[in-house]
Each structure stands twice: as C-alpha cells, then as structure tokens.
Amino acid sequence: MSLVVKNEIINQVTPNNMRSKIVAGNWKMNKKFDEADELLYQITDELNNNPIDNVQLVICPPSLYLELATDFADASEIKIGVQNVSEHKSGAYTGEISVEMLSSVDVEFCIIGHSERRKYFAETSEQLANKVNNLLEFGIEPIFCIGEQLEEREADKHFEIVKKQISEGLFHLSPSEFSNIVVAYEPVWAIGTGVTASPEQAQEMHAFIRGVISEKYGTELAEETSILYGGSCNAKNAKELFSNTDVDGGLIGGASLVAKDFIAIANSF
Ligand code: 13P
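Note that my numbering has the sequence shown beginning at 1, numbered continuously upward.
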C-alpha cells in the first residue's frame with residue numbers, strides 16, 4: 001500500500017478516550033496446576049497492594065484451569081478468557097472445547113487467531129471467522145489477533161497483511177456484532193523475542209487498524225474499538241507503548257506469568 005493511501009486512512013480518525021483499556025495475560029502452555037493456583041493468588045495480592053484504575057484485567061490460562069481461575073475472578077475485578085475454542089458447536093470432535101462449554105463456566109473473552117495458532121495449527125481466516133461467530137452467539141468477546149511476520153514488514157507489506165487479516169476474519173460482522181470485538185496487534189517478530197515494536201511503530205499500526213475499521217464501520221465504532229498491543233510488552237516498556245493515543249492496552253505473554261510484572265503493566269496507563 002502506498003504511503004499516501006496509508007496516511008489517508010490514518011488521518012480519517014481522531015482518537016479519543018471512549019474505549020475500554022484492557023490488559024490481558026496469555027499464559028500460553030505454561031504452569032502446572034499448583035503453579036497456576038499460586039500465580040492467581042499472587043496476582044490477587046498484587047492487585048490488593050497496587051489497585052488498578054479504570055483498566056479491565058483479563059487472564060487467559062490454559063483451559064484446564066478455567067474453573068480455578070473463574071473462582072478467583074468471582075472474588076475480584078478480573079475477567080477470565082481462553083486461548084482458543086473449537087470452530088464446531090458440539091459433537092464428535094475429540095479433544096476440542098466448544099463455545100457452549102466455555103460459556104457454561106463463565107468465560108468472558110477468547111483469544112482468536114493468535115499467530116502461534118495460525119502457524120502451528122494452520123488456522124485459516126475462514127475457521128477464525130466461524131469461531132468469532134460462535135463466540136458472539138454465546139456472548140463471549142473475541143480478542144482477535146493480527147500481525148505481520150518480519151519478512152512482511154521488511155518487504156513493506158505489513159499494512160496490507162494486517163488489513164487482509166482483519167477483513168477476512170471480521171468484516172462479515174454487522175456493526176452491532178463488531179462492537180463486541182477487541183483487536184490485538186501482535187507483530188510476529190516481537191512475540192517472545194524481547195524485541196518490542198517501538199512506540200512509533202505501534203502507534204502507526206494501531207492508527208492504521210483504526211482507520212481500516214473506520215472505513216468499514218464508520219468513525220464512531222472505530223473509536224469505540226479497543227486495540228491492544230502484544231509482543232515483548234513488559235513492565236519496563238508498557239508505559240511508553242500505552243501512552244500512544246491508539247494503543248488501548250496489551251496482550252501480554254511472558255510477563256503475565258509474573259504477578260508483579262503483570263500488575264505493573266496494568267498500572268502503566
Ligand atoms: P510475549 O509477551 O511473551 O512476547 O507474547 C506476546 C503474545 O503472544 C501474547 O499473546
């Protein structure tokens with residue numbers, strides 16, 4: 001995409017503070033049961049000592065620990081999410097977990113389209129769109145992940161890629177359905193690498209994403225959409241990243257496994 005077209009899209013939207021600030025922890029495939037239990041206790045302690053203000057905290061543990069986590073959530077302002085859901089509604093799909101099951105244990109968010117699932121489990125845009133539809137039917141908010149690989153950024157294709165991912169996965173939704181979506185921009189080259197997008201790179205892409213949403217659904221809905229940054233976000237760099245107008249919080253991997261760091265990130269606005 002030419003710079004002119006990109007800037008036109010970015011400039012269509014004037015950011016404001018209508019949307020929710022969200023910090024979500026993606027535990028990925030980490031922690032044994034006792035460790036998960038301990039981490040939840042530590043997060044509760046940290047929250048008591050350093051209360052967060054006006055930020056929605058979400059924890060996405062492995063599904064095996066959902067009941068444990070929702071018990072903690074009941075006693076705090078934390079909400080519980082998951083890392084994946086089956087695209088099928090029910091039946092003979094060995095090993096899968098349905099959206100109805102998640103809903104029955106009070107799950108409120110679900111990460112969809114994480115680059116690790118796109119890469120290692122070959123998830124397609126069509127599958128992701130189906131998952132989004134199922135989640136919305138049961139009132140669970142998708143945290144829809146998009147982001148380019150390093151080669152794509154180097155080839156100056158990052159805007160094009162991100163626009164394609166969001167269009168294919170989400171733009172079949174009606175405006176009222178889309179209003180339940182949280183978007184997470186996670187450049188693949190920043191995930192688990194210790195290389196964070198610069199605040200300028202994050203703001204540029206988030207503003208672009210908001211512009212793309214605005215083109216499809218109008219400025220008002222675009223302004224109300226929370227767009228999170230993910231990729232080596234930690235207690236040290238969160239403040240600078242979150243100070244950008246279009247960065248509404250973070251989807252945190254490694255640093256969400258350390259209670260002190262996770263709550264420090266949530267206190268970085
Ligand atoms: P890291 O924070 O470990 O880079 O992971 C980011 C991520 O993939 C969150 O979904």
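All C-beta atoms, glycine included, are put in the ideal place defined by N, C-alpha and C.
Burial state of L64 is exposed, judged by a 10 Å Cβ sphere holding fewer than 16 other Cβ atoms.
Apart from sequence neighbours up to five positions away, the residues of its chain that approach L150 with a beta-carbon distance below 6 Å are W189, ordered along the chain. Annotated as distal: V107 and A266, with beta-carbon spacing of 8 Å or more. Here the region 94–104 lies against the region 125–142, with 3 or more beta-carbon pairs under 8 Å apart.
Taking C-beta atoms as the reference points, S176 and S20 fail to come closer than 8 Å. From the listed residues S76, Y93, G95, P62, the smallest Cα separation to V82 is found for P62. Leaving aside the five residues that flank S103 on each side, the residues in its chain whose CB is nearer than 8 Å to its CB run, in chain order, F138, G139, I140. Boundaries of the alpha helix (DSSP H) around N130: 125–137. With the rule of 3 Cβ pairs closer than 8 Å, the region 89–96 does not count as touching the region 118–129.
The beta carbons of S268 and F242 sit closer together than 8 Å. One thing to note: P199 has its Cβ within 8 Å of the Cβ of N244. Distance between L47 and L135, taken at the CA atoms: about 29 Å. The DSSP-derived three-state label of E220 is helix. For Y93, the three-state secondary structure derived from DSSP is coil. Every alpha helix (DSSP H) stretch that sits fully inside the region 22–57 and reaches 4 residues is listed by chain position as 33–49.
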